[in-house]
Amino acid sequence: MQKFLNDRRVLLPVTLTAVAIAVGATLIVLLSSDASSGSGMAAVASSQPASGAGVTIDIADYKFKPETVTVRAGAKVSWVNRDSTAHTATDTATGAFDTGTIKQGQTKTVTLRKPGVYAYICQFHPFMKATVIVK
Numbered sequence: 550m551q552k553f554l555n556d557r558r559v560l561l562p563v564t565l566t567a568v569a570i571a572v573g574a575t576l577i578v579l580l581s582s583d584a585s586s587g588s589g590m591a592a593v594a595s596s597q598p599a600s601g602a603g604v605t606i607d608i609a610d611y612k613f614k615p616e617t618v619t620v621r622a623g624a625k626v627s628w629v630n631r632d633s634t635a636h637t638a639t640d641t642a643t644g645a646f647d648t649g650t651i652k653q654g655q656t657k658t659v660t661l662r663k664p665g666v667y668a669y670i671c672q673f674h675p676f677m678k679a680t681v682i683v684k
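Sequential numbering of the sequence shown, starting at 550, is according to this note's numbering.
The following block contains the structure:
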């Protein structure tokens with residue numbers, strides 16, 4: 550066994566294989582935890598798929614969740630306020646929609662008929678920003 554481990558022709562490939570397995574396992578663990586926590590690489594996929602039926606956006610922890618959604622023209626977009634304070638979903642760039650005040654536990658819905666990219670905010674908390682993409 551000692552002779553086998555001292556042979557550099559064997560030791561180098563074995564060492565490189567062990568390092569590759571360790572790196573691969575570490576990447577799997579890291580990417581798995583990112584996907585389950587909703588951060589990192591998973592954030593790229595946070596946009597909901599185009600849907601004719603519409604989507605629901607949660608308002609929680611002073612954030613719109615998800616921050617980006619994609620819907621088909623004519624779809625309904627609903628915001629559900631799960632926070633302890635009132636919020637709005639207001640397109641300040643084009644004026645395409647404004648839910649008005651959404652109190653805790655309330656839901657407001659708008660129908661977006663025209664394709665485009667609609668960036669919106671909460672008028673009470675302008676740091677809350679999100680986007681609806683209408684195709």
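Glycine included, C-beta positions come from ideal geometry on N, C-alpha and C. Remember, it's a predicted structure, so these values are computed and weren't measured experimentally.
What did DSSP end up calling residue i once you bin it into helix, strand or coil?
i: His636; result: strand
i: Tyr611; result: coil
i: Ala584; result: The predicted position of Ala584 is uncertain, since its pLDDT is 37 and thus under 50; a value taken from the coordinates is nonetheless stated next. Three-state DSSP puts Ala584 in a helix.
i: Thr643; result: coil
i: Met590; result: Below a pLDDT of 50, predicted positions are generally treated as unreliable, and Met590, at 28, falls in that range; the measurement from the model is reported next regardless. DSSP places Met590 in helix when its eight states are reduced to three.
i: Thr605; result: strand
Taking residue i as the reference, give the member of the options with the closest Cα.
i: Ser627; options: Pro664, Thr634, Thr641 and Lys657; result: Lys657
i: Val666; options: Arg631, His674 and Thr619; result: Thr619
i: Lys518; options: His674, Val604, Gln672 and Val681; result: Shown here, the chain extends from 550 to 684; a query on residue 518 therefore has no answer.
i: His674; options: Ala645, Val604, Pro615 and Thr639; result: Thr639
i: Gly649; options: Ala642, Val659 and Thr643; result: Val659
i: Ala612; options: Val629, Gly603 and Ala622; result: The amino acid occupying residue 612 in the given sequence is Lys; Ala does not appear at that position. Cα-wise, what sits closest to Lys612 is Val629.
i: Gly644; options: Gln672, Arg631 and Lys684; result: Gln672
i: Ala622; options: Pro615, Gly603 and Glu616; result: Gly603
Using the beta-carbon count (16 or more within 10 Å), is residue i buried or exposed?
i: Ile670; result: buried
i: Phe676; result: exposed
i: Ala624; result: buried
i: Ala609; result: exposed
i: Ala679; result: buried
From the DSSP output, which residues share a beta bridge with residue i?
i: Ala709; result: Nothing can be reported for residue 709: it is not among the residues displayed for the chain, which extend from 550 to 684.
i: Lys678; result: Ile670
i: Thr656; result: Val629
i: Thr619; result: Ile682
Any heavy atom of the ligand COA closer than 7 Å to the Cβ of residue i?
i: Tyr667; result: Judged by which ligands are present, the structure shown has none, so any question about the ligand COA falls away.
Legend entry - Three-pair Cβ contact test at 8 Å for the segment 617-636 versus the segment 646-653: Yes, the segment 617-636 is in contact with the segment 646-653.
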